[in-house]
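Note sheet for the following structure.
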Amino acid sequence: MQLYGPSLRLMLQCTSPIVPGRVTTDERVALDILQSTTRSDGERYEIGLQWKSAGVELPCNRASAMKRFFANERRLVKDIYVARKYAETMQHYIRDGHKRIAQDDLGTKGRTW
Numbered sequence: 002m003q004l005y006g007p008s009l010r011l012m013l014q015c016t017s018p019i020v021p022g023r024v025t026t027d028e029r030v031a032l033d034i035l036q037s038t039t040r041s042d043g044e045r046y047e048i049g050l051q052w053k054s055a056g057v058e059l060p061c062n063r064a065s066a067m068k069r070f071f072a073n074e075r076r077l078v079k080d081i082y083v084a085r086k087y088a089e090t091m092q093h094y095i096r097d098g099h100k101r102i103a104q105d106d107l108g109t110k111g112r113t114w
């Protein structure tokens, strides 16, 4: 007994996640970046960002970051429960080493996020 008709079978073949074909230039660049920047420290992997072109200059987002910061601060002042949960979560991140206090002299300019 056939569970589905030829139209559904054709649709499933067309939408299969494995579609043979050529690798585009963008895909080749992404694969090259992936191969040249992937490294492991024995516990985790680090992979370079998949930039479409090498000359990308990121804009300064300090103004929007400060706007988000002050909006979050207002929310925490208004709701003590949210403030408590936020503080607990941040302490958890610090304890586990996922977060640290940033120094002004840390970081690099340009394409490093």
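According to the numbering used here, the stretch in the sequence shown is residues 2 to 114, in order. Note that beta-carbon positions come from the ideal geometry of N, C-alpha and C, so glycine has one too. Source: prediction; values computed, not measured.
- A distance below 8 Å between beta-carbons, with the five flanking residues on each side excluded, links Val83 to the following residues of its chain, in chain order: Arg76, Leu77.
- Linking Asp80 to Arg23 through their CA atoms gives a straight-line distance of about 54 Å.
- Beta-bridge annotation (DSSP): Tyr46 is paired with Ser41.
- The three-state secondary structure of Val78, taken from DSSP, is helix.
- Cβ neighbours of Gln51 within its own chain (closer than 7 Å, five residues either side excluded): Ala31, Ile34.
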